[in-house]
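Heads up: the structure comes next, in C-alpha cells.
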Ligand SMILES: Nc1ncnc2c1ncn2[C@@H]1O[C@H](COP(=O)(O)OP(=O)(O)OP(=O)(O)O)[C@@H](O)[C@H]1O
Ligand SMILES: [Mg+2]
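Numbering (the numbering used here), first residue to last: 2 to 298.
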C-alpha cells in the first residue's frame, strides 16, 4: 500500500494557541482514517491545512508523494464545516452549479446522487431537505470529480440516529469503491464503526496512532466465576493473571499479553474447578481513549 498522505511536523499556531503541534502522520491507500479528538484538539485546523485553506505555521505534507498543488488537490474531495448551497434551488441544480465551478462533467451527477441515496429527492428545493439530506448532498458534491481521497469533517454532527446510520453506510460504500477516506470525529463510537486506522489528537498533539483493530490487544479481561470458596486465591496462581478485581459477583481478570480465556479455563479445570461463568472482553475503545487522553498532560 502506498502513502496517500504523509505529514511531517505540521504545526499551526494562532497567536498563543497551539492548534496543531508538530504532527507526523501517514495515511495509506484504501484506509478509512479517523482523526479522533475532543473539541478544540485541532482536527478542523489539520484538515484545513491539508485542503490548503489554512496556512501552516511550519511543517509540510505531501499528497501521493508530491508537494501539494491546486492540480493535486483536485484529486481530493472534501466536506469541510459548512458547504454552501442555494436554498431555493434543487439538489440537482446545486450539483450542476458545483460541477461547473469544479469543471467536472455533469454526467457524474446521477451516479453521486444514487450513491448518497438522493435520486428520488433531487428535484426538491435544497431548503426542504433534512439535515441528513443536506449532509448527503455535500458528500455528493465532494464526489463530483471522482476524487481518490475524500475528507470529511464531523460528517454526522447534529444528525439523529437514523441520519447517522445513513451517513455511515454511505461512507462504507465509498470506502468499498477503493477510495481513501480521512474523517475527523470527536466520537469514539464513530471511529470504531467506520475507520480502519486512526490517530488521536489532544490539544493539537498526536498522542496515539494505529489500526483500529489493534486497539484492545493485550488488554483482554476475562470475567470468571465458579462455585469455589477461595477462587481469588486460585486465580492469583494463574500465570496469565496480571490483576484481579472482584466486581458484580464475579472476578475480572486482566490477562497478561498472550493469555486468553481458554488458558484460564484450562487452568481451572486442571484444578478440578468448573467455571460457571467465563466471558472474555476486550477493553473498549472508549476506555482506552479516555486512558490515552489522561496519560498525556
Ligand atoms: N481562526 C482561528 N483563530 C484563532 N484560533 C483558532 C482558529 N481556528 C481554530 N482556533 C483554535 O485552535 C484550536 C483547535 O481548533 P479546531 O477547530 O481545529 O479544533 P477541532 O478539533 O476541530 O474542534 P471541534 O471538535 O470543536 O470541531 C482551538 O483552540 C481553537 O479555538
Ligand atoms: Mg472541528
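Even for Gly, the Cβ is constructed at its ideal location relative to N, Cα and C.
These numbers come from a predicted model, not from an experiment.
Taking 7 angstroms as the cut-off, the C-beta of residue 281 does not count as close to any heavy atom of ligand 2. Restricting attention to alpha helix (DSSP H) runs no shorter than 4 residues, the segment 9–55 encloses them at 44–51, ordered along the chain. The three-state secondary structure of residue 228, taken from DSSP, is coil. Counting C-beta pairs closer than 8 angstroms gives three or more between the segment 148–158 and the segment 79–90, which meets the contact rule.
With at least 16 other beta carbons inside 10 angstroms of its own, residue 156 counts as buried. Residue range 150–154 is occupied by the beta strand (DSSP E) that includes residue 154. In the DSSP assignment, no residue is bridged to residue 66. Every beta strand (DSSP E) of 3 residues or more that sits fully in the segment 207–275 is shown, in chain order, as 221–227, 242–248, 251–256. Rounded to whole angstroms, residue 193 and residue 213 show a C-alpha spacing of 7 angstroms. In the structure shown, the three-state DSSP call for residue 133 is helix. Counting C-beta pairs closer than 8 angstroms gives fewer than three between the segment 10–26 and the segment 175–185, which falls short of the contact rule. Beta bridge pairing from DSSP links residue 78 with 151. Contact annotation, residue 271 with residue 251: C-beta distance approximately 20 angstroms; criterion of less than 8 angstroms not satisfied. In the pairwise beta carbon analysis, the segment 233–250 is classified as not touching the segment 187–201: fewer than three pairs are separated by under 8 angstroms. In the DSSP assignment, residue 170 falls within the alpha helix (DSSP H) that extends over 162–177. Taking C-beta separations shorter than 8 angstroms and ignoring five residues to either side along the sequence, the partners of residue 73 in its chain run 64, 65, 67, following chain order.
With respect to the 8 angstroms criterion, residue 87 and residue 95 are classified as neighbours on the basis of their beta carbons. By the 16-neighbour rule on beta-carbons within 10 angstroms, residue 198 is buried. CA-to-CA, the gap between residue 39 and residue 269 works out to about 43 angstroms. Annotation: the continuous beta strand (DSSP E) that includes residue 201 extends over 198–203. DSSP places residue 85 outside any beta strand (DSSP E), giving it a letter other than H or E. Relative to ligand 2, the beta carbon of residue 203 is positioned no closer than 7 angstroms to any heavy atom. For residue 130 and residue 42, the gap between their C-alpha atoms comes out near 31 angstroms. In the structure shown, residue 186 falls within a strand segment according to DSSP collapsed to helix, strand and coil.
At the C-beta level, residue 117 and residue 165 stay beyond 8 angstroms of one another.
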